[in-house]
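Colleague: So the sequence lines, in the order shown, correspond to chains A and B. The C-terminal residue of the first sequence carries number 359 in this note's numbering, and the numbering is unbroken. The C-terminal residue of the second sequence carries number 1177 in this note's numbering, and the numbering is unbroken. Glycine included, every Cβ here is placed at the ideal spot set by N, Cα and C. I am attaching a structure below and will ask some questions about it afterwards.
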Amino acid sequence: MKVYLLRRLWQSLVVLLGVSFVVFFILHLTGDPAAVLLPPEATAEDLREFRERMGFNDPFIVQYGRFLKGALRGDFGESIRHGEPAFDLVIERMPATFELSGAALALALCIAIPAGIVSAVRRNSALDYVSTTVALLGQSMPTFWLGIMLILLFSVQWNLLPSSGRGTWPHLILPAVTLGLFTTARIARLTRSGMLEVLNQDYIRTARAKGVNDPPVVWKHALKNAAIPIVTIVGIELGTLLGGSVITETIFAWPGVGRLSVQAIANRDYPVVQAAVFLLSTTFVIVNLLVDLVYTYLDPRIRLR
Amino acid sequence: MSTPAVARPLTLGREASPARREWLAFLRRLTRRRTALFGLVVVALVVVAALAAPWLVVFDPIQQDLDGRLKPPGTRSDTGSVHLLGTDHLGRDLLARIVFGARPALLVGVAAVAISGVLGMLVGLLAGYFGGKMDDLLMRLADIQLAFPFILLAIAVIGVLGPSLQTIIVVIGVSSWVVYARVVRGTVLTLREREFVQAALALGGRDGRVILRHILPNAFTPWLVVATLDMARVIVIESALSFLGLGVQPPSPTWGGMLADGRVYISTAWWLATFPGLAILVTVLGINLFGDGLRDTLDPRLKV
């Protein structure tokens, strides 16, 4: 158990080191970070001076070392547009993104898991067909189109819900539904197939043969075993949600990290982009480490390794 | 007396070799699934639309007509032809643009999947076959790749490099290999223990030859299922990038770009955002249905 946890911790650190390198490397993709950071109308003299000042003439590894040292202290440089530290700008907007992703995930779990269980237990019933069809559509629907259609119906046509901004509960509904639908579809399909697999196992048949009634079989015997892949996918889906927030936040003018990043890329404000990518990735790594802890609780085989 | 039985296999042998017979049986099983067949038909229609676009549409997709802006579906144009799906904010025919928009979507889909598929296959084969340090290293790389919010990393990189068709293909292709690698690795791990592989190794087969002759052909099926389903994801990502203005640049029609235009006119011209989105939805749904059918036919236990 201890060995397992230490190994997972070590792996996460290695992953974060890799992430930091990629984030650092984004600026160096074209070979000239000064040209990426300065506006296109900058003169050759400006470029030379800027390169000197930022240390872009140093060896690559020295530059990376400096970046890593800064990143560890939360220093990604100053935002070119806002003049504030890029790290602070991103951190300020983190709660909004967490609120949106959290709401989307909660919505997904509340709908998908019951839907998946009912689908599996009442296989080939009308409910199963409806739920699998909706899940299939949800998985095929582009987020941004769904968002626009929801705005068209609920904000423009019926004037029921606000189409942009953050603050009250109604503001959260449309963005959370938009962001959560794909994840809902994924988890519903996975729950259904996981439950079907478990329900066909011998121990379920044994339990039924012993005369255990249906609800306890489903809840105690089947769901506990089907839960393991669901927990894994929840960790991975959080990555989808954090990434998807980029688009959803843009559509609904949600003041989170995703929208900040899209604006920063349009403004060539790369310190902010770097800080945003790094912090969102770090969040993902930490959450998945926590998911693995839950895992050891659910599946004692891992605990005993 | 009937004809001698010996004569029959000789003539049949040419008509239906075992490989061909297996292939036919597979096709029959696949097309027996109605949803898979439906998906296949949808995908075929989209491919035909993309290839034959110039002959299919009445209007030029980039020809502007500022007098005929934002006309609702069914409006007759000056030339007498009908704008079946209406016109956009520059008076361009929406249907023509949607048909032509299938081109970048499919092109990016196929090309990016080819890149990530080959890359992932390679990583999966190496990690699964050699194991040990190699496996550790490659799987950590996969973890690093997975840690990034995909769209954000893609738009950051495209923002630096500048948007173009090639950039999009390469960026999506290079950053989507993990699914393939994981599935292929898993398959290789079990194949490696099988008797025919052990036998090939015992007979002195070299690693490269064993991988190419014995492992690769058997790892191909799960790979194909992943590739099909991943194509759907890539098409959504391509349209998302175009939506954010980081895809193929205007005036070339892209589904995502049309949606971005439509979003601006959402309160006055609903058709502008609705139809391009439906095009994406139908295409992606078709691919997903076909991919699901392929998985259920080839390898029902595959988790993708």
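Determine whether the Cβ of Thr952(B) lies closer than 9 Å to any Cβ atom of chain A.
Modeller: The beta-carbon of Thr952(B) is placed no less than 9 Å from the nearest beta-carbon of chain A.
Colleague: Rounded to whole angstroms, how far is the Cβ of Met249(A) from the Cβ of Gly137(A), which I believe are closer than 8 Å?
Modeller: Not a contact, Cβ separation roughly 54 Å.
Colleague: Examine chain B for any beta-carbon lying closer than 9 Å to the beta-carbon of Trp362(A), and answer yes or no.
Modeller: In the structure displayed, chain A extends from 55 to 359; residue 362(A) sits before or after that span and is not available.
Colleague: Hey, which unbroken runs of the alpha helix (DSSP H) at 4 residues or more fall wholly within the segment 1072-1156 of chain B?
Modeller: You should have 1080-1083, 1089-1116, 1128-1137.
Colleague: Span of the alpha helix (DSSP H) holding Pro283(A)?
Modeller: Start and end: 278-306.
Colleague: List, in order along the chain, the chain B residues whose C-beta lies closer than 7 Å to that of Gly297(A)?
Modeller: Pro1022, Phe1023, Ile1024, Leu1025
Colleague: The alpha helix (DSSP H) spanning Ser74(A) covers which residue range?
Modeller: 56-80
Colleague: By how many angstroms is the C-alpha of Asp1008(B) removed from the C-alpha of Ala1072(B)?
Modeller: Each residue's Cα considered, the two are about 23 Å apart.
Colleague: In the DSSP assignment, find the unbroken alpha helix (DSSP H) run with Asp933(B) in it and report its ends.
Modeller: For Asp933(B), no alpha helix (DSSP H) segment is defined, and its DSSP state is neither H nor E.
Colleague: Scan the segment 1135-1151 of chain B for residues whose Cβ lies nearer than 9 Å to a Cβ of chain A and list them as they occur along the chain.
Modeller: Gly1135, Arg1136, Ile1139, Ser1140, Trp1143, Ala1146, Thr1147, Pro1149, Gly1150, Leu1151
Colleague: So, for Val175(A): in the same chain, excluding its five sequence neighbours on each side, which residues have a beta-carbon less than 8 Å away from its beta-carbon?
Modeller: Correct list, in chain order: Met249, Leu253, Asp268, Val272.
Colleague: On the criterion of 16 or more Cβ atoms from any shown chain inside 10 Å, does Trp199(A) qualify as buried, or is it exposed?
Modeller: buried
Colleague: Starting from Met203(A), follow the alpha helix (DSSP H) in both directions and report where the run begins and ends.
Modeller: Residues 197-204.
Colleague: Measuring only between beta-carbons, confirm whether Phe1116(B) sits less than 9 Å from chain A.
Modeller: yes
Colleague: Taking 7 Å as the limit between beta carbons, can you name the residues of its chain near Arg942(B), skipping five residues before and five after?
Modeller: Thr960, His962, Leu963, Gly964
Colleague: Which residues mark the beginning and the end of the alpha helix (DSSP H) in which Ser950(B) is found?
Modeller: First-last for Ser950(B): undefined, no H or E at that position.
Colleague: Given this structure, state the Cα-to-Cα distance separating Thr232(A) from Ser299(A), to the nearest angstrom.
Modeller: 10 Å
Colleague: Does Tyr324(A) pass the burial test, meaning 16 or more other C-beta atoms within 10 Å, or should it be called exposed?
Modeller: With 16 or more other Cβ atoms within 10 Å, it is buried.
Colleague: Taking 8 Å as the limit between beta carbons, can you name the residues of its chain near Ile284(A), skipping five residues before and five after?
Modeller: Ile167, Ile241, Leu244, Thr245, Gly248
Colleague: Which residues in the same chain have their Cβ closer than 7 Å to the Cβ of Leu885(B), if we skip the five residues on either side of it in sequence?
Modeller: Residue confidence is low: Leu885(B) scores 48 on pLDDT, short of 50, so the model does not pin down where it sits. Its coordinate-derived value is still stated next. So the list is empty, once near-sequence residues are dropped.
Colleague: Check whether the segment 1036-1051 of chain B and the segment 985-997 of chain B are in contact - that is, three or more C-beta pairs closer than 8 Å.
Modeller: The answer is yes - the segment 985-997 of chain B touches the segment 1036-1051 of chain B, with three or more Cβ pairs under 8 Å.
Colleague: Just mark Gly219(A) as buried or exposed, buried being the case when its beta carbon has 16 or more other beta carbons within 10 Å.
Modeller: exposed
Colleague: Between Val1157(B), Leu1145(B), Arg1168(B), Ile1160(B), which lies nearest to Leu958(B) when the distance is taken from Cα to Cα?
Modeller: Leu1145(B)
Colleague: My output table needs one value for Thr350(A): the three-state DSSP class, helix, strand or coil.
Modeller: In the structure shown, the three-state DSSP call for Thr350(A) is helix.
Colleague: Got a sec? Which residues, its chain only, sit under 6 Å from Ser1115(B) by beta carbon, not counting five neighbours each side?
Modeller: Sequence-distant partners of Ser1115(B) (beyond 5 residues in either direction) whose C-beta falls short of 6 Å from its own C-beta, in its chain, are Thr1127, Gly1129, Gly1130.
Colleague: When DSSP labels each residue in this structure, what does Pro1022(B) get in the three-state scheme?
Modeller: Coil at Pro1022(B), not helix or strand.
Colleague: Quick check on Asp112(A): does DSSP put it in helix, strand or coil?
Modeller: coil
Colleague: Among the candidates Ile1108(B), Ile1160(B), Arg1136(B), whose CA atom is the shortest distance from the CA of Leu979(B)?
Modeller: Ile1108(B)
Colleague: If the cut is a Cβ gap below 7 Å, which residues of chain B does Gly192(A) touch?
Modeller: Per Cβ cutoff of 7 Å: no residues; Gly192(A) is ~10 Å from chain B at best.
Colleague: Leu1084(B) touches chain A at which residues, Cβ-Cβ below 9 Å?
Modeller: Leu is not the amino acid found at residue 1084(B); the sequence shown has Ile there. By Cβ distance, chain A contributes nothing, its closest Cβ being about 27 Å from Ile1084(B), past 9 Å.
Colleague: List the whole-angstrom C-beta distance separating Val31(A) from Val288(A), where the pair is believed to meet the contact cut-off of C-beta under 8 Å.
Modeller: No answer is possible for residue 31(A): the residues shown for chain A start at 55 and end at 359.
Colleague: Report the neighbours of Leu334(A) on chain B: residues whose CB is nearer than 7 Å to its CB, in chain order.
Modeller: Identification of chain B residues near Leu334(A) by a Cβ-Cβ cut-off of 7 Å yields Pro1022, Leu1025, ordered along the chain.
Colleague: Under 8 Å: do the segment 308-319 of chain A and the segment 184-203 of chain A share three or more Cβ pairs, one atom per stretch?
Modeller: no
Colleague: DSSP three-state call for Pro168(A): helix, strand or coil?
Modeller: Taken through DSSP and simplified to helix, strand or coil, Pro168(A) comes out as helix.
Colleague: Would DSSP call Glu95(A) helix, strand or coil?
Modeller: coil
Colleague: Determine whether the Cβ of Ala1105(B) lies closer than 9 Å to any Cβ atom of chain A.
Modeller: yes
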